[in-house]
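Here is the structure we will look at.
Given below as structure tokens:
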């Protein structure tokens, strides 16, 4: 969970650096505020889930769904705060930062190390090869 938050930070930071170099500091700051509107609630949600890890499994659904509701509410609140208190805010980069932060976790399979090999259903990292001489048999 914290890996996803870290990846969100990296994606937004890289985009902000590029945007700042191309379009200027106001665009970069708007992009950072948009990304922060998603990153801060996600980090708090990950922290909440991590603190609930050792408790009974019956409480997980309640913690998860309440955390999602709080996360969405905090995201909306941060966007409203940015829109009302930052006069230099530009909406297109703000929305680009928000979308980049929300879509960054889809890059996790490219970043995470130690993932199982293709075809491995047991998570052992060993894929099964089919035996070409006898269809239906697999060798290990």
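Residue numbers (the working numbering): 8 to 147.
The C-beta atom is built at its ideal place from N, Cα and C for all residues, glycine as well.
Bear in mind the structure is a predicted one, so any value in this text is a computation, not a measurement.
Where residue i falls, given that 16 or more other Cβ within 10 Å makes a residue buried
i           : result
residue 124 : For residue 124, the predicted structure reports a pLDDT of 47, less than 50, and the residue's modelled location is therefore unreliable. The matter cannot be settled from this model.
residue 99  : exposed
residue 68  : exposed
residue 72  : exposed
residue 34  : buried
residue 42  : buried
residue 22  : buried
residue 101 : buried
Contact set for residue i: own chain, Cβ-Cβ below 7 Å, skip 5 residues either direction
i           : result
residue 44  : 82, 85, 86, 89 and 105
residue 115 : 10, 11 and 14
Separation of residue j from residue i, as counted between CA atoms
i           : j           : result
residue 39  : residue 64  : 36 Å
residue 19  : residue 32  : 14 Å
residue 96  : residue 26  : 14 Å
residue 54  : residue 80  : 17 Å
residue 56  : residue 16  : 19 Å
residue 59  : residue 50  : 14 Å
residue 107 : residue 37  : 13 Å
residue 78  : residue 8   : 14 Å
residue 24  : residue 119 : 24 Å
residue 29  : residue 94  : 21 Å
residue 70  : residue 91  : 31 Å
Other residues of its chain near residue i: CB distance less than 6 Å, five sequence neighbours each side excluded
i           : result
residue 109 : 45
residue 147 : Confidence in residue 147 is poor, its pLDDT being 47 and thus under 50, which makes the residue's placement unreliable; the coordinate value appears in the next sentence. Nothing listed; no residue qualifies.
Run of the alpha helix (DSSP H) containing residue i, from where it starts to where it stops
i           : result
residue 115 : 115-118
residue 102 : 98-110
Same chain, Cβ closer than 8 Å to residue i, neighbours up to 5 away in sequence not counted
i           : result
residue 75  : 52
residue 112 : 11, 14 and 15
Entirely enclosed alpha helix (DSSP H) segments - the segment 24-70, minimum 4 residues: List check, alpha helix (DSSP H) in window: 32-58.
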